[in-house]
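What follows is a short report on a single structure.
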Amino acid sequence: MQFVRLRLQGFKSFVDPTELVIAPGLTGVVGPNGCGKSNLLEALRWVMGESSARAMRGGAMEDVIFAGAASRPPRSFAEVSLLIDNAERRAPPGFNDSDTIEIVRRITREAGSAYKANGKEVRARDVRMMFADAATGAHSPALVRQGQISELINARPKARRAILEDAAGIGGLYQRRHEAELK
Ligand code: ATP
Ligand code: MG
182 MQFVRLRLQG FKSFVDPTEL VIAPGLTGVV GPNGCGKSNL LEALRWVMGE
232 SSARAMRGGA MEDVIFAGAA SRPPRSFAEV SLLIDNAERR APPGFNDSDT
282 IEIVRRITRE AGSAYKANGK EVRARDVRMM FADAATGAHS PALVRQGQIS
332 ELINARPKAR RAILEDAAGI GGLYQRRHEA ELK
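Take my numbering: the final residue in the sequence shown is number 364, and no numbers are missing along the way.
So, in structure tokens, the structure goes:
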């Protein structure tokens, strides 16, 4: 699975529709302080199902919606789309029946988040599980947030364990065990 395109609209500072083509290999994002580099990475994390507003540097998830600027009114929704190349058919079951997968997450003020996979409504859980499962393979993606390295060094043992477990890609397994225990 290879990310090929990220589209943002009304997400944080990306108020107008913005498209980022992700070519194979290494991609660098450069720009002055505050231009939106971290926001791009957050958009990627967000469309993959991030549920923590704190991880988005906000107090509530709605804070990802463009909040307005001197000359622009706030937006009522934010939407991020991630296009994935699945020509090699490595996607987890349920997502593996096409050559490309487009995941769209949209959040509307007061109505929360909704997800679609190739135009079909899916649950947040399905999207998270797909990426968690994809991450357990040999072609695992890894996202390292700004400041995360120093966090790892300074973390208390329990928090450090959570970070390492996340890196090991066993998040999906814990989620399944948790759900099994509830049943
Ligand atoms: P640095 O180089 O300092 O790490 P950066 O390029 O990573 O900077 P970001 O942190 O991605 O910059 O972008 C910060 C900008 O995004 C700020 O100007 C902030 O006002 C803007 N921003 C964040 N959330 C919103 C929002 N909901 N609505 C409008 N603007 C927002
Ligand atoms: Mg930054």
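Glycine included, C-beta positions come from ideal geometry on N, C-alpha and C.
Locate the beta strand (DSSP E) running through residue i, then write down its first and last residues.
i    : result
F184 : 183 to 190
S262 : 258 to 266
Quickly, what does DSSP pair residue i with across the bridge? List them, please.
i    : result
K297 : V285, E302
F195 : F192
T250 : Looking at the sequence provided, one finds Ala at residue 250 rather than Thr. In DSSP, A250 forms a bridge with R253.
E231 : In DSSP, E231 forms no bridge with anything.
E200 : R188
Helix, strand or coil for residue i? Go by DSSP, reduced to three states.
i    : result
N243 : Note that residue 243 corresponds to Glu in the displayed sequence, not to Asn. Correct three-state label for E243: helix.
E362 : helix
V308 : helix
L354 : helix
A292 : coil
Where do the ends of the alpha helix (DSSP H) carrying residue i lie?
i    : result
E332 : 329 to 335
A340 : 338 to 349
A224 : 218 to 228
Report back the beta-carbon spacing between residue i and residue j to the nearest angstrom; my notes put them in contact at under 8 angstroms.
i    : j    : result
F276 : M311 : 5 angstroms
Does any heavy atom of ligand 2 sit closer than 7 angstroms to the C-beta of residue i?
i    : result
F194 : It should be noted that the sequence gives Ser, not Phe, for residue 194. Checking every heavy atom of ligand 2 against the Cβ of S194, none is found closer than 7 angstroms.
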